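2 protein chains.
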Amino acid sequence: MPPADDQPAAGPVRSARRQQTESAILEAALDVFAVDGFRGATLDRIAERAGMSKPNLLYYFASKDDVHARLLGDLLDHWLAPLRGIDPAGEPVEEILRYVRRKLAMSRDYPRESRLFAGEIIAGAPRISGFLADGLRPLVDETVGLIRGWIAQGRISPVDPVQLIFSIWALTQHHADFAAQIEIVAPGDRAGDAGAFLDQLYRRLLTP
Amino acid sequence: MPPADDQPAAGPVRSARRQQTESAILEAALDVFAVDGFRGATLDRIAERAGMSKPNLLYYFASKDDVHARLLGDLLDHWLAPLRGIDPAGEPVEEILRYVRRKLAMSRDYPRESRLFAGEIIAGAPRISGFLADGLRPLVDETVGLIRGWIAQGRISPVDPVQLIFSIWALTQHHADFAAQIEIVAPGDRAGDAGAFLDQLYRRLLTP
DNA sequence: GCTGATCCTGACCGGGTGGTCAAATCAAGT
DNA sequence: ACTTGATTTGACCACCCGGTCAGGATCAGC
Chain A
0 MPPADDQPAA
10 GPVRSARRQQ
20 TESAILEAAL
30 DVFAVDGFRG
40 ATLDRIAERA
50 GMSKPNLLYY
60 FASKDDVHAR
70 LLGDLLDHWL
80 APLRGIDPAG
90 EPVEEILRYV
100 RRKLAMSRDY
110 PRESRLFAGE
120 IIAGAPRISG
130 FLADGLRPLV
140 DETVGLIRGW
150 IAQGRISPVD
160 PVQLIFSIWA
170 LTQHHADFAA
180 QIEIVAPGDR
190 AGDAGAFLDQ
200 LYRRLLTP
Chain B
0 MPPADDQPAA
10 GPVRSARRQQ
20 TESAILEAAL
30 DVFAVDGFRG
40 ATLDRIAERA
50 GMSKPNLLYY
60 FASKDDVHAR
70 LLGDLLDHWL
80 APLRGIDPAG
90 EPVEEILRYV
100 RRKLAMSRDY
110 PRESRLFAGE
120 IIAGAPRISG
130 FLADGLRPLV
140 DETVGLIRGW
150 IAQGRISPVD
160 PVQLIFSIWA
170 LTQHHADFAA
180 QIEIVAPGDR
190 AGDAGAFLDQ
200 LYRRLLTP
């Protein structure tokens, strides 16, 4: 049984060795879960990719669900950050463009995380509907209010704020989730092209 | 063993009874594959949902791969149609908007097919990379050429044609693939909103 | 070099997986 | 009613799945 972590001070917070092994497992699990989804992934493949036996993996994580939950938890923290980064006091068009760029950068730098998230949503969001309702939705509502304000002040074009946000998600995550298709259909594509296009697109749409 | 279909004339082309059963299986398989992906789906669940035993399912289809391949094959036929529907002789902005509307309608009417496709791409397109290279890519190249022509003639704004096409795919398919997220974050959302938004977006972007 | 805690593994378990097979059922023509 | 071929299924197989367990390495502190 894994040691309970409710002990006063077990080493340097949780021995560096242990943390390193956990990271290796999560790294391998991300590879597998992102490609095959929760049901399609197997502990054997994750353990093999992490270079250890399955029982050893289960020494660090209680179960398959546990690994998956930890992965999603870590991910969702990062997911909300860009939305929070929009500055209500900033220049509206530039603030939205900055959000688009940050989101695109995340898709470029964390494509596996994006695919993991996408797979979870496609499967009906069985394990993260709570997060979506409690964490994401309020933040979206808030941002929608902010955008409505900007529109009312005539500082950006009148657009449906909800659709605007969805469009940003779709356009940025697409480059991570559908990378395999993009690579085949337009092999020379570089992230820079996408950045320039999105800049152009949203500037045209939003500039009053 | 299933009868070989290389016989001269086996009944009315392939007895209506048989075709009906195959449809029921494919219907059930689409439900399951779209949610769980190829690896995550099981023949037991598909057979159960189709209201028959697993051996009976395997009487109609040779294997799990067979069912999946048939589903993808049927789907990919439909997938290319809208792209082919763009009329080189038409009014550029309207032609592109017509394409966007057709693609959005497909996401609305065939969300499971869209999710099946998305899951396949997320998994690295192991079973359809051939189709993407041989079927989709030439068509995209052709369309890119057409759009470049329109741009050269000054009939639409200068945009990256490849990025334009990707953006249409991303924005339309998003409504099917991420329906679970949309339903939680913005429950009242209706497809009509998306249609109006996309119309506005691409009209602004493309009108010279 | 002894000791205790941590780390790691082979062997195993019950249940699920894709797929097979022989036998039972059904539909339809005669 | 009888025959023939298409359809359906229970029983089964070898293998894989998530997870357990008893015991063997390994390492730190003494």
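Just so you know, the protein sequences line up as chains A and B, in that order.
Numbering that gives the first Met the number 0 numbers the first residue of the first sequence as 0 and each following residue consecutively.
Numbering that gives the first Met the number 0 numbers the first residue of the second sequence as 0 and each following residue consecutively.
Note that beta-carbon positions come from the ideal geometry of N, C-alpha and C, so glycine has one too.
Bear in mind that the values here come from a model prediction, so they are computed numbers and not experimental data.
C-alpha gap between residue i and residue j, whole angstroms
{"i": "Asn55 of chain B", "j": "Ala61 of chain B", "result": "11 Å"}
{"i": "Val158 of chain A", "j": "Phe165 of chain A", "result": "12 Å"}
{"i": "Ala28 of chain A", "j": "Val66 of chain B", "result": "28 Å"}
{"i": "Ala43 of chain B", "j": "Arg17 of chain B", "result": "Strictly speaking, residue 43 of chain B in this sequence is Asp, with Ala absent from that position. About 20 Å."}
{"i": "Lys53 of chain A", "j": "Arg189 of chain A", "result": "39 Å"}
{"i": "Gly148 of chain B", "j": "Leu205 of chain B", "result": "14 Å"}
{"i": "Val143 of chain B", "j": "Ser106 of chain A", "result": "25 Å"}
{"i": "Thr41 of chain A", "j": "Gly36 of chain B", "result": "14 Å"}
{"i": "Ile127 of chain A", "j": "Asp64 of chain B", "result": "30 Å"}
{"i": "Arg100 of chain A", "j": "Ala23 of chain B", "result": "45 Å"}
{"i": "His174 of chain A", "j": "Ala15 of chain B", "result": "44 Å"}
{"i": "Gly50 of chain B", "j": "Val34 of chain B", "result": "19 Å"}
{"i": "Leu145 of chain A", "j": "His77 of chain A", "result": "22 Å"}
{"i": "Arg38 of chain B", "j": "Pro125 of chain B", "result": "12 Å"}
{"i": "Gly187 of chain B", "j": "Asp108 of chain B", "result": "18 Å"}
{"i": "Ala88 of chain B", "j": "Leu96 of chain B", "result": "15 Å"}
{"i": "Ala122 of chain A", "j": "Ile120 of chain B", "result": "15 Å"}
{"i": "Leu75 of chain A", "j": "Arg48 of chain B", "result": "33 Å"}
{"i": "Ala185 of chain B", "j": "Ala185 of chain A", "result": "33 Å"}
Pick from the options that is closest to residue i, judged by C-alpha positions
{"i": "Ile183 of chain B", "options": "A:Ile95, A:Ala169 and A:Gly129", "result": "A:Gly129"}
{"i": "Gly118 of chain B", "options": "B:Thr206, B:Phe32 and B:Arg17", "result": "B:Phe32"}
{"i": "Lys102 of chain A", "options": "A:Trp149, A:Ala185 and A:Thr171", "result": "A:Thr171"}
{"i": "Gln199 of chain A", "options": "B:Arg203, B:Asp198, B:Gln199 and B:Leu197", "result": "B:Arg203"}
{"i": "Thr20 of chain A", "options": "A:Asp108, A:Tyr59 and A:Tyr109", "result": "A:Tyr59"}
{"i": "Leu79 of chain B", "options": "B:Arg48, B:Ser22, B:Glu141 and B:Ala23", "result": "B:Glu141"}
{"i": "Ile150 of chain B", "options": "B:Pro207, B:Asp76 and B:Val34", "result": "B:Pro207"}
6 Å Cβ shell around residue i - same chain, five flanking residues per side excluded
{"i": "Asp86 of chain B", "result": "Glu94"}
{"i": "Ile45 of chain A", "result": "Ala27, Ala28 and Val31"}
Partner residues on chain B for residue i, Cβ-Cβ distance less than 8 Å
{"i": "Phe60 of chain A", "result": "Correct list: empty, because the minimum Cβ distance to chain B is about 20 Å."}
{"i": "Gln199 of chain A", "result": "Val158 and Leu204"}
{"i": "Gly134 of chain A", "result": "What Gly134 of chain A touches in chain B: nothing, since even the nearest Cβ is about 10 Å away."}
Cβ neighbours of residue i in the same chain (closer than 8 Å, five flanking residues each side left out)
{"i": "Leu25 of chain A", "result": "Val66, Arg69, Leu70 and Asp73"}
{"i": "Tyr98 of chain A", "result": "Pro81, Leu82, Gly84, Ile85 and Ile167"}
{"i": "Val139 of chain B", "result": "Leu82, Val161 and Ile164"}
{"i": "Leu57 of chain B", "result": "Leu42"}
Residue i: contacting residues in chain B (beta-carbon distance under 9 Å)
{"i": "Lys173 of chain A", "result": "Correcting the residue type first, residue 173 of chain A is His in the shown sequence and not Lys. Neighbours of His173 of chain A on chain B, chain order: Phe165, Ser166, Trp168, Ala169, Leu170, Gln172 and His173."}
{"i": "Ile227 of chain A", "result": "No statement about residue 227 of chain A is possible, as the shown extent of chain A runs from 0 to 207 and does not include it."}
{"i": "Asp192 of chain A", "result": "Asp159, Val161 and Gln162"}
Closer than 7 Å at the beta carbon, the chain A residues around residue i
{"i": "Arg114 of chain B", "result": "Ile121"}
{"i": "Ala46 of chain B", "result": "Correct list: empty, because the minimum Cβ distance to chain A is about 17 Å."}
Where residue i meets chain B, residues with beta-carbon distance less than 7 Å
{"i": "Phe177 of chain A", "result": "Ile120"}
{"i": "Ser106 of chain A", "result": "Simply none; closest approach about 11 Å."}
{"i": "Ala28 of chain A", "result": "The contacting residues do not exist; Ala28 of chain A stays about 15 Å from chain B at best."}
{"i": "Gln180 of chain A", "result": "Ile120, Ala124 and Leu131"}
Where residue i meets chain A, residues with beta-carbon distance less than 8 Å
{"i": "Phe196 of chain B", "result": "Val158, Asp159, Gln162, Leu163 and Ser166"}
{"i": "Ala117 of chain B", "result": "Ala117, Ile121, Asp176 and Phe177"}
{"i": "Val139 of chain B", "result": "Val184 and Ala185"}
Proximal chain A residues relative to residue i, where beta-carbon distance stays under 9 Å
{"i": "Asp35 of chain B", "result": "Gly36, Phe37, Arg38, Gly39 and Ala122"}
{"i": "Ala80 of chain B", "result": "In chain order: nothing, as chain A lies at least about 17 Å away."}
Closer than 8 Å: residue i CB and nearest the ligand SAH heavy atom
{"i": "His173 of chain B", "result": "Questions concerning the ligand SAH fall outside what the structure shown contains, since it holds no ligand whatsoever."}
Residues of its chain near residue i, where Cβ-Cβ distance is below 7 Å and the 5 sequence neighbours each way are ignored
{"i": "Leu197 of chain B", "result": "Val99, Leu103 and Leu170"}
{"i": "Pro110 of chain B", "result": "Ala175 and Ala178"}
{"i": "Tyr201 of chain B", "result": "Ile95, Leu96 and Val99"}
The stretch 129–136 of chain B in contact with the stretch 191–203 of chain B per 3-pair CB rule at 8 Å: no
Three CB pairs or more closer than 8 Å across the stretch 110–119 of chain A and the stretch 163–181 of chain A: yes
Segment contact, 8 Å Cβ cut-off, at least three pairs: the stretch 143–159 of chain A with the stretch 90–106 of chain A: yes
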